[in-house]
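Asks: The sequence shown maps to residues 2 to 176 in our numbering.
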Amino acid sequence: MLKHEFDWRIPVDTAQIGFSRAKKDKRVNIFYYQITHWEDFCLFNFLMDRAAGHVLEDTLESSFLPWKNAIGTICKEEHMHLAHGDKTVKLMAEDPEKRKFLQERLDLWWPRVMNTFGKSTGTGNDIYQKLGLKNRSNADVRRAFVKEIEEKCAEWGLKLPEYNEAAQPLEYSLS
């Protein structure tokens, strides 16, 4: 087996990165949370593949031609991932013994995923729309995502936790 310099894991007590980060750090926090259970992995796929699909679809008619030329292929690839997340979460949710733990993990991952859409309003978002780089506001993209997830969760006996964007610590400090 090959050894790589990244062949290690951050200890659990230091891996809870929360929401605070330096403003100049543009990485998406969701990719830095530990996935400690199979349910986490399945929910991550179910939620993030779909969230990414909604964000990417919003740029299908981008005014930036290189992006517009590539995004169709990227979206098709993302759509193929959706079936795996749906299948695994549905199977677990249909098992009464697994549903309770799955719900607990959904409660944990939901705000993390919701925060990946960014702030509902903001000058950056307005500029991107005016330039034709994207069509909808972050709030509209988030609403479309929530509607789709709500329907699936209701069908499978899961309940989405409340999400209050104003209560989320999305203002980043320089520390």
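Beta carbons are placed, not taken as given, at the ideal position from N, Cα and C, and that holds for glycine.
Are the segment 37-53 and the segment 111-122 touching, with three or more C-beta to C-beta distances below 8 Å?
Replies: Yes, they touch.
Asks: Just to confirm, is the Cβ distance from C76 to E62 under 8 Å?
Replies: It is not a contact, given that the beta carbons lie outside the stated cut-off.
Asks: Output the residue ranges of the alpha helix (DSSP H) runs that lie fully inside the segment 44-106 and measure 4 residues or longer, sorted by chain position.
Replies: If we require 4 residues or more, the alpha helix (DSSP H) runs fully inside the segment 44-106 come out as 66-94.
Asks: Between N139, W39, G123, which has its C-alpha nearest V90's C-alpha?
Replies: V90 has its Cα closest to that of W39, out of N139, W39, G123.
Asks: For Y34, which of helix, strand or coil comes out of DSSP?
Replies: Looking at Y34 - three-state DSSP - the assignment turns out to be coil, as it is neither helix nor strand.
Asks: Do you know how far the Cα of P67 is from the Cα of E152?
Replies: Cα to Cα, E152 sits roughly 35 Å from P67.
Asks: In terms of residue numbering, what span does the alpha helix (DSSP H) encompassing K153 cover?
Replies: Counting along the chain, the alpha helix (DSSP H) containing K153 begins and ends at 139-157.
Asks: What does the Cβ neighbour count give for I36, buried or exposed, with the cut at 16 atoms within 10 Å?
Replies: Exposed.
Asks: For W157, tell me which candidate among F32, I128, A53, D87 has the shortest Cα-Cα distance.
Replies: For the residues F32, I128, A53, D87, the minimum Cα distance to W157 belongs to D87.
Asks: N126 lies in the alpha helix (DSSP H); which residues open and close that run?
Replies: Unbroken alpha helix (DSSP H) run through N126: 124-131.
Asks: Using CA coordinates, which residue listed in Y164, K160, T60, N30 is at the minimum distance from N126?
Replies: Nearest C-alpha to N126: T60.
Asks: To the nearest angstrom, report how far apart D108 and Y34 are at their CA atoms.
Replies: Roughly 14 Å between the two C-alpha positions.
Asks: Measure the C-alpha to C-alpha separation of Y129 and D141 and round it to an integer number of angstroms.
Replies: So the alpha carbons of these two residues sit roughly 14 Å apart.
Asks: Hey, how far is the Cα of P162 from the Cα of K131?
Replies: Those two C-alpha atoms are separated by around 33 Å.
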